[in-house]
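Take a look at the structure below.
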Amino acid sequence: MNFPDLHGKRIDLVAIDPAKPAHVIDDMDVYSRMPEFFTYLEYSEHKTRSETERYYEKLLVRSQAEIGYYWLVKLAGEDKTIGTFGVLDIDVRKGMAEIGYGLSPNYWGQGYFRETMNLVLG
Numbered sequence: 728m729n730f731p732d733l734h735g736k737r738i739d740l741v742a743i744d745p746a747k748p749a750h751v752i753d754d755m756d757v758y759s760r761m762p763e764f765f766t767y768l769e770y771s772e773h774k775t776r777s778e779t780e781r782y783y784e785k786l787l788v789r790s791q792a793e794i795g796y797y798w799l800v801k802l803a804g805e806d807k808t809i810g811t812f813g814v815l816d817i818d819v820r821k822g823m824a825e826i827g828y829g830l831s832p833n834y835w836g837q838g839y840f841r842e843t844m845n846l847v848l849g
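Following this note's numbering, the numbering of the sequence shown begins with 728 at its first residue and continues without gaps.
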């Protein structure tokens, strides 16, 4: 199942890239080290860049295996990653799916998640 890249006014949702660009891992590593990022998640903040790389790889493997589909949430017109958004456990027969997301605390409360949901739901 292939999902398209999506473009909004302030954000772009771009497929996880198998090339693992270093600047994307760098951006993700910044917010993945913030304890507040994990306030509502079952994990704790990353202590090393390699933890962030492993997480990125996990999202990539899930996308490639079609277990889920993940986008990088980027600022529109920029190459800055501010989060990830995934659609998981897709049940076409029932018309259901789960979502998973993480957004840098630096962008909380500014409507970025709402814009992401509007793009995904169309």
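The beta carbon of each residue, even a glycine, is placed where N, CA and C say it ideally should be.
Distance from the CA of threonine 811 to the CA of tryptophan 798, rounded to the nearest whole angstrom, comes to 6 Å. Excluding its 5 nearest sequence neighbours in each direction, isoleucine 817 has C-beta neighbours in its own chain below 6 Å: Ala824, listed in chain order. Annotation for glutamate 778: the continuous alpha helix (DSSP H) segment containing it runs 776-791. Between the beta-carbon of isoleucine 738 and that of alanine 792 there is about 26 Å, and that puts the pair past the 8 Å contact cut. For the 8 Å CB-CB criterion, lysine 821 and valine 741 do not form a contact. Secondary structure note for tyrosine 797: it is in no alpha helix (DSSP H), and the uninterrupted beta strand (DSSP E) holding it is 795-802.
Partner residues in the beta bridge of glutamate 825, as assigned by DSSP, are Leu815. A Cβ-Cβ contact shorter than 8 Å links threonine 779 with methionine 755. Around the CB of glycine 849, fewer than 16 other CB atoms lie within 10 Å, so the residue is classed as exposed. The closest CA to that of isoleucine 809, considering only Leu787, Gln837, Phe730, Glu784, is found on Gln837.
As the crow flies, the alpha-carbon of leucine 846 is around 11 Å from that of proline 731. Taking 8 Å as the cut-off, the Cβ atoms of glycine 735 and glutamate 842 count as close.
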